[in-house]
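**Q**
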Amino acid sequence: MWSRLASRIEAEAVLKENDRCMVSAASLYMRAATYWRTALICYNNAGDPRVVQYSKKAADCYEKFLKLSDYPGTAINIPYEGTELPGHFYRSPAAGERAPLMILVPGRDTWAEDTRWMYDELLNRGIHCLCFDGPGQGAVLRVQRIPFRPDFENVITPVIDYALDNFSEIDPERIGIMGFSFGAFLSPRACAFEKRIKLCVTDTGNIDWGTHFADIFTKVMKLPSPLRPKMVYSLMDDYAWKHGVSREHVIEELRKYDNRDIADRIECDMLVLDGTAEINKGSAEIFYKALTNCRKEYKCFDRESTAQHHAQMGGYQAGAEFIADWIAANLSKIRKENSCLCRR
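Under the working numbering, residue 405 is the last one in the sequence shown; the count climbs by one each step, no gaps.
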């Protein structure tokens with residue numbers, strides 16, 4: 062269904078572009094890119110050639126959107142262990158000469174471009190943004206066949222190196238990171254080791270993501286075979302693919318994704334997000350309490366806010382406004398603190 066819709070919308074974009082209706086063409090290309098990505102979100106047949114085909118179509122349509130619109134995005138390729146991670150640098154039109162940078166890390170099932178609801182708000186507040194597909198995500202998984210890795214600091218360090226080497230407009234003392242869903246587990250791990258990160262937003266907070274799901278799978282697999290939900294095998298195959306292991310080693314691999322031993326190494330400013338309808342109830346509060354060596358804030362969105370679901374799904378704008386204001390205020394605070402230190 063999604064691929065048919067994507068194909069139709071892309072064809073309309075081509076017609077509009079040929080007719081020199083560039084505003085509509087750009088919008089249609091962006092929508093087509095979104096639908097090509099959506100067609101793959103819950104599809105884990107890695108051997109199907111459509112996985113690579115649709116991934117490339119999504120990227121192609123998105124680049125055409127950027128070319129035809131005035132959206133301030135530039136395609137980048139970040140050197141990473143003998144290959145490259147694709148992404149975009151979004152230069153804020155509202156930024157000063159040296160402006161902060163937010164690195165946005167998507168989740169387990171989404172792509173870098175799916176974080177637009179957040180970087181739109183940040184760009185409007187004078188904050189540059191860098192979004193990329195890391196190992197296990199987006200095109201890096203589907204085209205390059207690179208799975209997730211638990212030591213995410215070894216992904217983020219080359220990202221920061223690349224940003225500082227290529228974009229002089231970034232203030233190196235005001236670099237932040239925000240992770241969405243599974244990205245909210247990976248990002249704090251990076252902060253524990255990569256001290257150039259001064260601020261982190263976890264949406265939503267989680268300290269033992271892998272252990273949690275490993276325990277669930279362990280309980281289910283102890284059931285007699287006829288009593289096991291059939292979907293468990295599809296889920297395990299999905300984890301196997303994205304984490305680069307066999308189905309038999311999924312549980313063992315997931316247990317590597319646990320931040321309890323390194324939470325006390327996190328020293329940057331932290332915003333831990335939660336929601337009253339969060340699927341992993343209580344996880345964010347546990348993570349928040351484990352942060353003992355940093356300035357921190359906990360925010361739980363309720364039903365009245367409309368942003369109460371996992372990672373604000375269904376209430377993105379309400380969530381984005383609060384988060385972007387918090388980021389802007391705290392990056393400003395960091396700048397003032399740095400200025401005071403320089404005057405001493």
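Ideal Cβ positions, reconstructed from N, Cα and C, are used throughout, including at glycine.
Pick out whichever of R396, H149, L101 has its Cα sitting closest to the Cα of N227.
**A** Along the sequence shown, one-based indexing puts residue 227 at 166. Nearest C-alpha to N227: H149.
**Q** Tell me, which residues are paired with D335 by DSSP?
**A** Working through the sequence shown from its first residue, we reach residue 335 at position 274. Paired residues: C361.
**Q** Once the 5 residues before and after H245 are set aside, which same chain residues still bring their CB inside 7 Å of it?
**A** As a working mapping, residue 245 is identified with position 184 in the sequence shown. The sequence as given places Ala at residue 245; His does not occur at that position. Counting only Cβ-Cβ distances below 7 Å, and skipping sequence neighbours, we find T263, D264, T265, G266, N267.
**Q** Between which two residues does the alpha helix (DSSP H) harbouring Y115 extend?
**A** Indexing the sequence shown from 1 puts residue 115 at position 54. 110-129 is the extent of the alpha helix (DSSP H) around Y115.
**Q** In three-state terms, what does DSSP make of R257?
**A** Looking up residue 257 in the sequence shown gives position 196. Looking at R257 - three-state DSSP - the assignment turns out to be coil, as it is neither helix nor strand.
**Q** Let me check understanding here. Comparing Cα to Cα, which of V293, Y90, Q198 lies closest to I277?
**A** Here residue 277 is taken as the residue at index 216 of the sequence shown, counted from 1. If we check each option's Cα against that of I277, V293 comes out closest.
**Q** Which residue from H370, A368, D325 puts its Cα closest to that of L352?
**A** Here the question's residue 352 lines up with position 291 in the sequence shown. The option with the nearest alpha carbon to L352 is D325.
**Q** What residues are listed by DSSP as bridge partners for T144?
**A** Taking the first residue of the sequence shown as position 1, residue 144 is located at position 83. Beta-bridge pairing links T144 to Y141.
**Q** Is Q369 closer than 7 Å to A345 when the C-beta atoms are compared?
**A** Along the sequence shown, read from residue 1 onward, the residue named residue 345 stands at position 284. Along the sequence shown, read from residue 1 onward, the residue named residue 369 stands at position 308. In this structure, Q369 does not lie closer than 7 Å to A345 by Cβ.
**Q** Identify the continuous beta strand (DSSP E) that holds P161 and give its terminal residues.
**A** As a first step, residue 161 is located in the sequence shown; it is residue number 100 there, counting from the start. 160-166 is the extent of the beta strand (DSSP E) around P161.
**Q** Identify which residue in Y141, H189, L184, N105 has its Cα closest to the Cα of V216.
**A** Numbered from its first residue, the sequence shown carries residue 216 at position 155. Distance from the Cα of V216 is smallest, within the candidate group Y141, H189, L184, N105, for Y141.
**Q** Beta carbon of P161, beta carbon of R235: below 7 Å?
**A** On the sequence shown, residue 161 is found 100 positions in, with the first residue counted as 1. On the sequence shown, residue 235 is found 174 positions in, with the first residue counted as 1. The answer is yes: Cβ separation under 7 Å.
**Q** The beta strand (DSSP E) spanning M239 covers which residue range?
**A** Residue mapping note: residue 239 aligns to position 178 of the sequence shown, counting from 1. Looking at the DSSP string, the run of the beta strand (DSSP E) that includes M239 is 231-241.
**Q** Taking the alpha-carbon positions, what's the L72 to T95 distance?
**A** Walking along the sequence shown from the start, residue 72 turns up at place 11. Walking along the sequence shown from the start, residue 95 turns up at place 34. The amino acid at residue 72 is misidentified as Leu; the sequence shows Ala. About 14 Å.
**Q** Going by the CB atoms, is the gap between T176 and L165 shorter than 7 Å?
**A** Your numbering for residue 165 matches position 104 in the sequence shown. Your numbering for residue 176 matches position 115 in the sequence shown. Taking 7 Å as the Cβ cut-off, L165 and T176 qualify as a contacting pair.
**Q** Quick one: is I340 buried, meaning 16 or more other Cβ sit within 10 Å of its Cβ, or exposed?
**A** Sequence index remark: in the sequence shown, residue 340 carries index 279 (1-based). Result: exposed.
**Q** Decide yes or no for the touch test of the stretch 300-320 against the stretch 202-217: beta carbon pairs closer than 8 Å, at least 3 of them.
**A** Cβ pair count under 8 Å is three or more, so yes.
**Q** Just verifying my parser: in three-state terms, what is the DSSP assignment at F278?
**A** Taking the first residue of the sequence shown as position 1, residue 278 is located at position 217. It is helical.
**Q** What residues in its chain sit with their C-beta under 6 Å from that of G305, if we drop five residues either side in the sequence?
**A** As a first step, residue 305 is located in the sequence shown; it is residue number 244 there, counting from the start. Cβ within range, chain order: P208.
**Q** Got a sec, what are the start and stop residues for the beta strand (DSSP E) H304 sits in?
**A** To locate residue 304, count along the sequence shown from 1; it is residue 243. Looking at the DSSP string, H304 is not in any beta strand (DSSP E); the run it does join, the alpha helix (DSSP H), is 292-304.
**Q** Which term fits H189, buried or exposed, when burial requires 16 or more other beta carbons within 10 angstroms of its beta carbon?
**A** If you number the sequence shown from 1, residue 189 lands on position 128. So H189 counts as buried.
**Q** Is the Cβ-Cβ distance between K259 and I395 less than 7 Å?
**A** For the purposes of this step, residue 259 is identified with residue 198 of the sequence shown, where counting begins at 1. For the purposes of this step, residue 395 is identified with residue 334 of the sequence shown, where counting begins at 1. Yes, the Cβ-Cβ distance between K259 and I395 is below 7 Å.
**Q** Rounded to a whole number of angstroms, what is the C-alpha to C-alpha distance between Y115 and D298?
**A** Here residue 115 is taken as the residue at index 54 of the sequence shown, counted from 1. Here residue 298 is taken as the residue at index 237 of the sequence shown, counted from 1. Each residue's alpha carbon lies about 21 Å from the other.
**Q** So, with DSSP's three-state summary, where would you put T218?
**A** In the sequence shown, counting from the first residue as 1, residue 218 sits at position 157. Reduced to three states, the DSSP call for T218 is helix.
**Q** Roughly how many angstroms lie between the CA atoms of L127 and Y300, to the nearest whole one?
**A** On the sequence shown, position 66 is the one that residue 127 refers to. On the sequence shown, position 239 is the one that residue 300 refers to. Rounded to whole angstroms, L127 to Y300 spans 33 Å at the Cα level.
**Q** Measure the alpha-carbon distance for P287 versus S307 and round it to whole angstroms.
**A** Position 226 of the sequence shown, counted from the first residue, corresponds to residue 287. Position 246 of the sequence shown, counted from the first residue, corresponds to residue 307. Answer to the nearest angstrom: the Cα atoms are 22 Å apart.
**Q** According to the neighbour-count rule (16 or more other Cβ atoms, all chains shown, within 10 Å of its Cβ), is C103 buried or exposed?
**A** Position 42 of the sequence shown, counted from the first residue, corresponds to residue 103. By the 10 Å Cβ count, C103 comes out exposed.
**Q** Give every residue of the same chain whose Cβ lies closer than 6 Å to the Cβ of E182, excluding the five residues on either side of it in the sequence, and list them in chain order.
**A** Residue 182 sits at position 121 when you count from the first residue of the sequence shown. Within the same chain, E182 has close Cβ partners A381, A385.
**Q** So if DSSP puts F150 in a beta bridge, which residue, or which two residues, is it bridged to?
**A** As a first step, residue 150 is located in the sequence shown; it is residue number 89 there, counting from the start. Answer is T135, L191, bridged to F150.
**Q** Could you tell me the distance, in whole angstroms, from the CA atom of V281 to the CA atom of H273?
**A** Mapped onto the sequence shown, residue 281 falls at position 220. Mapped onto the sequence shown, residue 273 falls at position 212. Computed Cα separation, rounded: 13 Å.
**Q** For the alpha helix (DSSP H) holding T99, just list the boundary residues, first then last.
**A** The count along the sequence shown starts at 1 and reaches residue 99 at position 38. Segment 83-99, the alpha helix (DSSP H) holding T99.
**Q** Where does V204 fall in DSSP's three states?
**A** Numbered from its first residue, the sequence shown carries residue 204 at position 143. In the structure shown, V204 sits in coil (DSSP, three-state: anything other than H, G, I, E or B).
**Q** Check whether the Cβ atoms of A253 and I327 sit closer than 7 Å, and answer yes or no.
**A** By 1-based counting over the sequence shown, the position of residue 253 is 192. By 1-based counting over the sequence shown, the position of residue 327 is 266. With contacts defined as CB atoms closer than 7 Å, A253 and I327 qualify as a contacting pair.
**Q** Where do the N-terminal and C-terminal ends of the alpha helix (DSSP H) with W63 fall, by residue?
**A** Position 2 of the sequence shown, counted from the first residue, corresponds to residue 63. Per DSSP, W63 belongs to the alpha helix (DSSP H) from 63-79.
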